[in-house]
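Input: a single structure, listed below in structure tokens.
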Amino acid sequence: MADADVMDKLVSLCKRRGYVFQSSEIYGGTGSVWDYGPLGVELKRNVKELWWSAMVHQRDDIEGLDSAILMHPRVWEASGHVDGFSDPLVECSNCHRRYRADLPEVESGQCPSCGTREAFGEARSFNLMFKTFMGPVEDAAATTYLRPETAQGSYVNFLNIQGAARQRVPFGIAQIGKAFRNEITPGNFIFRTREFEQMEMQFFVRPGTDEEWFETWKEVRMAWHVSLGIRPEKLRFHEHGPDELAHYAKAAVDIEYEYPFGWKEFEGIHNRTDFDLGRHQEYSGKRLEYIEPGSNDRFLPFVVETAVGVDRTMLVALADAYREEEVAGDARVVLALQPRLAPLKAAIFPLVKKDGMPELGRKIHEDLRKESIPSFYDEAGSIGRRYRRQDETGTPWCVTVDGPTMDDGTVTVRDRDTLEQVRVSADALVGWIRERLTA
């Protein structure tokens, strides 16, 4: 099956099963902006909660932050986004569509949309930030921006958090939040969008220890992705060469995944030196040095950043989990999501609509929900059809209330991946599932 076919089928599945919808679809949609449906929002929450647990709850050297989307305009001057956050833009002289000048399909000079040859004039710079106005008057003094990244909130709060949390360098600041970029050529479903969510951590270290911490965080972050069940052979590091490094970076590496549309970056680890704190110190006039207890040494910490896209990580999980298989002569589509990521953990099926099975099935479903185990109840159609629906949804376990259940209180639990079936006491089902979610 061609990679393009896989992507088309995945996009179709995401809409059909309630993972992702195009924003404002009834009005024709909004370009490269997406809404997350009942299953999508659960998958997104699971990704974020697993990241937060690994980065904040399981460590005592990283603190959490939720900084505002709107910030003082000088923040973006200091960070370099006002002057330097831009892409080269060209416009077709025939159809007037605009493209990034560095795209391979544009560098030939032929418009990808209308086919006009020698269609493009000189490239011009296009700032990627969304501009807006704060207050009732729309003038230059009221200009502000929707943040293009969450990192700057950590830098401007460095002293606030260090003091309030009584942290000592090295320590980190982690946050999850929305960011906005007015991308010229977005695409590939939820991979490149204009509104997205980031999970970023800024780790402040003593200068001279930054290279060691950079290597440490490379390995920690790669191991986390593997822990989500992502196939290791589909992951790799891409080290930035001198011509790829951002202006603030001493070193940078991407974690890439082999999507159906090729190897693409979804997390970056960067050695940002003291660029950010230095710039904010300069522009704000506020001293941002760290004073080391005991020695009273003053220094601007270096920063090792880990920045991963929530939406791109979701796409990694979905693409890596998508399977088309044949079982006993029948085709099935399955999302083999790791159970911790799966939006639904169990589906409850009464074998028949009589003999008290629906009532017992609903009670089991309600008991799971009360224990915060997302469950789905389904009594429509043949048992095989119900299995297939949940396979496509990514539900790890299907629980059938059948004849023996009414006699001995056990239910049949069928595993999505192995198709093995075991009998489990209905009273012990919550513990049985929890044990496998924490294994």
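Numbered according to our numbering, the sequence shown spans residues 1 to 439. Built from N, CA and C at the ideal position, the CB exists for glycine as well. Given the structure is predicted, the values throughout are model-derived calculations rather than measurements.
Burial is judged here by how many other beta carbons sit within 10 angstroms of a residue's own beta carbon; Glu-25 has fewer than 16 and is exposed. The count of Cβ pairs closer than 8 Å, one atom from the region 170-178 and one from the region 98-106, stays below three, leaving the stretches out of contact. A Cβ-Cβ separation of about 15 Å leaves Val-334 out of contact with Glu-420 under the 8 Å criterion. By the Cβ neighbour-count rule, Phe-133 is exposed, with fewer than 16 other Cβ atoms within 10 Å of its own. With respect to Asp-378, Ala-426 sits apart: the two C-beta atoms are not nearer than 8 Å. Here the alpha carbons of Met-199 and His-238 stand approximately 20 Å from one another. Judged by DSSP in its simplified three-state form, Ser-12 adopts helix.
Excluding five sequence positions before and after Gly-29, the CB atoms of its chain that fall closer than 8 Å to its own CB belong to Gln-22 and Ser-23, given in chain order. In the three-state DSSP reduction, His-280 falls in the helix class (H, G or I). Beta-carbon to beta-carbon, Ala-439 and Trp-224 are separated by about 17 Å, too far to satisfy the 8 Å threshold.
For Gly-361, the closest alpha carbon among the candidates Met-71, Lys-131 and Val-413 is that of Val-413.
At the C-beta level, Tyr-322 and Leu-39 stay beyond 8 Å of one another. When the alpha-carbon of Thr-144 is set against those of Ile-269, Ile-383 and Ala-68, the nearest one is in Ala-68. The region 241-259 and the region 267-280 touch, with three or more beta-carbon pairs separated by less than 8 Å. One thing to note: Ser-375 has its Cβ no nearer than 8 Å to the Cβ of Leu-337. By the criterion of at least three beta-carbon pairs nearer than 8 Å, the region 188-199 is not in contact with the region 101-113.
Taking C-beta separations shorter than 7 Å and ignoring five residues to either side along the sequence, the partners of Ile-184 in its chain run Asp-87, Leu-89, Arg-98, Tyr-99, Arg-100 and Phe-126, following chain order. Counted as a single uninterrupted DSSP element, the beta strand (DSSP E) harbouring Val-424 occupies residues 421-425.
In this structure, DSSP gives Phe-196 an extended state, which the three-state scheme calls strand.
Nearest Cα to Ala-428 within the set Arg-416, Thr-418, Asp-408 and His-57: Asp-408. In the DSSP assignment, Phe-158 falls outside any beta strand (DSSP E) and within the unbroken alpha helix (DSSP H) covering 158-165. Within the DSSP bridge table, the entry for Ser-375 names Ala-346 as partners. In the three-state DSSP reduction, Lys-48 falls in the helix class (H, G or I).
One thing to note: Leu-277 has its Cβ within 8 Å of the Cβ of Leu-300. Around the beta carbon of Asn-160, fewer than 16 other beta carbons lie within 10 angstroms, which makes this residue exposed. Assigned with DSSP and collapsed to three states, Met-406 falls in helix. Taking the Cβ atoms as the reference, Thr-400 lies roughly 6 Å from Leu-351, within the contact range of under 8 Å.
Under the three-state reduction of DSSP, Val-220 is assigned to helix. Under the three-pair Cβ rule at 8 Å, the region 283-298 counts as touching the region 62-78. Following the DSSP letters along the chain, one finds Leu-335 inside the beta strand (DSSP E) bounded by residues 330-335.
If you draw a straight line from the Cα of Val-220 to the Cα of Trp-51, it comes to about 12 Å. Boundaries of the alpha helix (DSSP H) harbouring Thr-313: 310-321, taken from the DSSP string. Distance from Tyr-259 to Ala-319 at the Cβ level is roughly 6 Å; contact confirmed, criterion being Cβ atoms closer than 8 Å. DSSP places Gly-381 outside any beta strand (DSSP E), giving it a letter other than H or E.
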